[in-house]
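Chemist: What follows is a single structure, and I will ask about it in a moment.
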Amino acid sequence: MSPPLGQKSRPPLGIWELAWPAILGNLLYSLVGFVDIKIVGSLGASAIAAVTTGYRIFFVLQAILMAVTVGTTALVARAWGAGDRDEAELVTRASLWVCIAVAAVTSLPGLLYARELAGIFDLEPETLDLAAVFIRRLSLFNVAFAIPFALGTAVRAAGDTRTPLWIGALTNVVNVILLYVLVYGRFGVPSLGVGGAAIANGCAFAVGSAVFLWLWLRGGLVLGVGPPRALEPARIRRLFHIGYPAALEQGVWQGGFIGFLWIIALYGTAPYAAYGIGVNILSFSFVVGFGFSIAASTLVGQHLGAGDLAGAARSGWRATGLSVLAMSVFGLAIVLASEAIASFLIDDPEVVRLTVVFIYILGSVQPLMALEFTLGGALRGAGDTRFPLIAVMTGLLGVRVVLAGFFAWRGFPVEWIFAALIGDYIVKASMLTWRFRSGRWQTIIRDAPASS
49 MSPPLGQKSR PPLGIWELAW PAILGNLLYS LVGFVDIKIV GSLGASAIAA
99 VTTGYRIFFV LQAILMAVTV GTTALVARAW GAGDRDEAEL VTRASLWVCI
149 AVAAVTSLPG LLYARELAGI FDLEPETLDL AAVFIRRLSL FNVAFAIPFA
199 LGTAVRAAGD TRTPLWIGAL TNVVNVILLY VLVYGRFGVP SLGVGGAAIA
249 NGCAFAVGSA VFLWLWLRGG LVLGVGPPRA LEPARIRRLF HIGYPAALEQ
299 GVWQGGFIGF LWIIALYGTA PYAAYGIGVN ILSFSFVVGF GFSIAASTLV
349 GQHLGAGDLA GAARSGWRAT GLSVLAMSVF GLAIVLASEA IASFLIDDPE
399 VVRLTVVFIY ILGSVQPLMA LEFTLGGALR GAGDTRFPLI AVMTGLLGVR
449 VVLAGFFAWR GFPVEWIFAA LIGDYIVKAS MLTWRFRSGR WQTIIRDAPA
499 SS
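Residue numbers for the sequence shown, in this note's numbering: 49 to 500.
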């Protein structure tokens, strides 16, 4: 545990020191997703399509939760950079309580209307039934998902990316073991199929929650429980003031993905399953960008809290350069191995063919995705959450969904639908690069948070 902060600001950690634990943790998570697809893939294309749908609905319901943690990152990083430990702990505690409340409320639609939510995608009856089971069971664990999400975000913003790494590794081990046992039915446990995959994920979340809470309550995290005045209205308002554009962004993001997936679903189960498999394979590249996004968000916020505007800009650009390089290399390696990996995951020639096509298309835009992830993270770390919302609305809705809808209307093959995402990433990367270069994000939050 770090010593208490003094009145002086402390120098932020380096980009790689912050990024590598987040990258490794996310790679482990992607590996579990890979194992998940392999296990579920043995049940057929309908099972994969159902899990893809279930996760998409689950993340739609988490939009508000994700928005709260965007505010958490910006405010904790600012307070930590300014040397105000009390405020960092107060923001953490407030964020945790808000996230728990939000998770409890958002679990209700998934529990009560799982079939109706899955029905948005116009799936085949068998796939729809499986997706409803997955959504309903995963929704039981919403609060268990929220706790490590909130505490993990806060400690990363304070510069500790290693604790979330090892807790995430433990969670992933539990997930893999339970996936094998519950999906296939081992050691006397009945085979639960797709529903078992949801329960395995949920129980793994619960283990992560228990460990995080235990460490937090006993003072084992870089941020402690803090003073008892965390839920002051002004602090909650500030969290939401920074976070609500991110909530809208998540709503637009998830809504755009639903629209895009709905169009893909018009072409049948094989393209839909190929999309789910392709995203899981390429997630090994995505998570590298997410790691540098966390580093950029933390360092930009901490430098701004310390009053170092030049350092904030420098950190953002350096993290972005490393992200572009790393995601380009990972993306190329995945493209070259795409057919072998897809064939390993599912024994369906048409799904494999479409998965390879999708990976070639999405793999080609990995440098642009790196720009979006890292510069978007840097802007959010500065509290500039509105411009990423505008970029997502323009790229995802205005370009990807519109192009995909046009191609479908004109009767183009599904490969053209996949290709619509190229325009999306060109637009978003260009907009975010322009915004960060402008420097306007440096004055979004004019003062470092003060203790109440």
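We treat Cβ as the ideally placed atom computed from N, Cα and C, and that holds for glycine. Predicted model, so just to flag it, every value in this text is computed and none were measured.
Starting from the Cα of Ile284, find the closest Cα among Thr140, Arg266, Ser371 and Ala468 and give me that residue.
Modeler: Thr140
Chemist: Taking only the alpha-carbon atoms, compute the straight-line gap between Asn249 and Ile474 and give it to the nearest angstrom.
Modeler: 34 angstroms
Chemist: Beta carbon of Val242, beta carbon of Val336: below 8 angstroms?
Modeler: no
Chemist: Measure the C-alpha to C-alpha separation of Glu297 and Ala313 and round it to an integer number of angstroms.
Modeler: 24 angstroms
Chemist: Hey, quick one: how far does the alpha helix (DSSP H) through Met417 stretch, first residue to last?
Modeler: Gln414 to Gly429
Chemist: For Ser376, I'd like the list of residues in its chain whose CB is within less than 6 angstroms of its CB, leaving aside the five on either flank, ordered along the chain.
Modeler: Gln414 and Pro415
Chemist: With 16 other CB atoms within 10 Å as the buried threshold, where does Phe106 fall?
Modeler: Burial is judged here by how many other beta carbons sit within 10 angstroms of a residue's own beta carbon; Phe106 has at least 16 and is buried.
Chemist: Secondary structure at Ser239, three-state DSSP: helix, strand or coil?
Modeler: coil
Chemist: Taking a contact to mean a Cβ-Cβ separation below 8 angstroms, would you say Ile119 touches Gly353 in this structure?
Modeler: For the sequence presented, residue 119 should be read as Gly rather than Ile. No, Cβ-Cβ distance for Gly119 and Gly353 is not below 8 angstroms.
Chemist: Using a Cβ-Cβ cut-off of 6 angstroms (strictly less than) and excluding sequence neighbours within five positions of Leu263, which residues of its own chain qualify?
Modeler: Leu269
Chemist: I'd like the list of long-range same chain contacts for Ile470, defined as Cβ closer than 8 angstroms, with 5 residues on each side in sequence excluded.
Modeler: Ile409, Ser412 and Val413
Chemist: Which residue spans inside the region 364-405 form an unbroken alpha helix (DSSP H) run of at least 4?
Modeler: For the alpha helix (DSSP H) assignment, the uninterrupted runs of no fewer than 4 residues enclosed by the region 364-405 are, from N- to C-terminal side, 386-393.
Chemist: Quick test of your reading: Ile306 and Arg104, contact by CB under 8 angstroms. State the CB separation rounded to the nearest angstrom.
Modeler: 7 angstroms
Chemist: Once DSSP output is grouped into helix, strand and coil, what is the label at Val300?
Modeler: helix
Chemist: Using only the alpha-carbon positions, how far apart do Ala343 and Ala122 sit?
Modeler: 12 angstroms
Chemist: My output table needs one value for Arg458: the three-state DSSP class, helix, strand or coil.
Modeler: coil
Chemist: Any idea what DSSP makes of Trp64, helix, strand or coil?
Modeler: helix
Chemist: Give the secondary structure of Gly207 by DSSP, where H, G and I count as helix, E and B as strand, and everything else as coil.
Modeler: Gly207 carries a coil assignment under DSSP once its states are collapsed to helix, strand and coil.
Chemist: Could you give the C-beta distance for Val399 and Ala245, rounded to a whole number, given that I count them as a contact under 8 angstroms?
Modeler: Not really, about 18 angstroms apart at Cβ, beyond 8 angstroms.
Chemist: Is Leu159 helix, strand or coil when you go by DSSP?
Modeler: helix
Chemist: Tell me which residues share the same chain as Ala431 and place their Cβ nearer than 7 angstroms to its Cβ, disregarding the 5 neighbours each side in the sequence.
Modeler: The identity of residue 431 in the sequence shown is Gly, whereas the question assumes Ala. Same-chain partners within the cutoff: Ala122, Ile290, Ile492 and Ile493.
Chemist: If you reduce the DSSP assignment to three classes, tell me which class Thr317 lands in.
Modeler: helix
Chemist: Just reading off the alpha helix (DSSP H) that Glu174 is part of, what are its end residues?
Modeler: Pro173 to Ser187
Chemist: Measuring alpha carbon to alpha carbon, tell me which residue in Leu176, Ala217 and Ser155 is nearest Pro69.
Modeler: Ala217
Chemist: Kindly indicate which three-state DSSP category Pro497 falls into: helix, strand or coil?
Modeler: The predicted model places Pro497 with a pLDDT of 41, which falls under 50 and marks its position as unreliable; any figure quoted below should be read in that light. It is coil, neither helix nor strand.
Chemist: Tell me which residue opens and which closes the alpha helix (DSSP H) that Val447 is part of.
Modeler: Taken as a continuous stretch (DSSP letters only), Val447 belongs to no alpha helix (DSSP H), as it is neither H nor E.
Chemist: Could you give the distance in angstroms between the alpha-carbon of Ala252 and the alpha-carbon of Gly324?
Modeler: 21 angstroms
Chemist: What are the complete alpha helix (DSSP H) segments, minimum 4 residues, inside the region 89-135?
Modeler: 93-109 and 111-129
Chemist: Find out if the Cβ-Cβ distance for the pair Leu402, Val462 is shorter than 8 angstroms.
Modeler: yes
Chemist: Among residues of its own chain, excluding the 5 on either side of Phe484, which ones have a beta-carbon nearer than 7 angstroms to its beta-carbon?
Modeler: Gly364, Leu423, Ala426 and Leu427
Chemist: Within the same chain, show all residues whose beta-carbon is closer than 6 angstroms to that of Ser187, passing over the 5 residues directly before and after it, in chain order.
Modeler: Ser155, Gly158 and Leu159
Chemist: Check this for me: beta carbons of Leu287 and Val116, under 8 angstroms apart or not?
Modeler: Between Leu287 and Val116, the gap from beta carbon to beta carbon is short of 8 angstroms.
Chemist: Only counting the same chain, and skipping five residues up and downstream in sequence, which positions put a Cβ closer than 7 angstroms to that of Ala381?
Modeler: none
Chemist: Select from Ala95, Gly167 and Ile465 the residue whose C-alpha is nearest the C-alpha of Val231.
Modeler: Of Ala95, Gly167 and Ile465, the residue nearest in Cα terms is Ala95.
Chemist: Would the beta-carbon of Ala149 fall within 8 angstroms of that of Ala166?
Modeler: The beta carbons of Ala149 and Ala166 sit no closer together than 8 angstroms.
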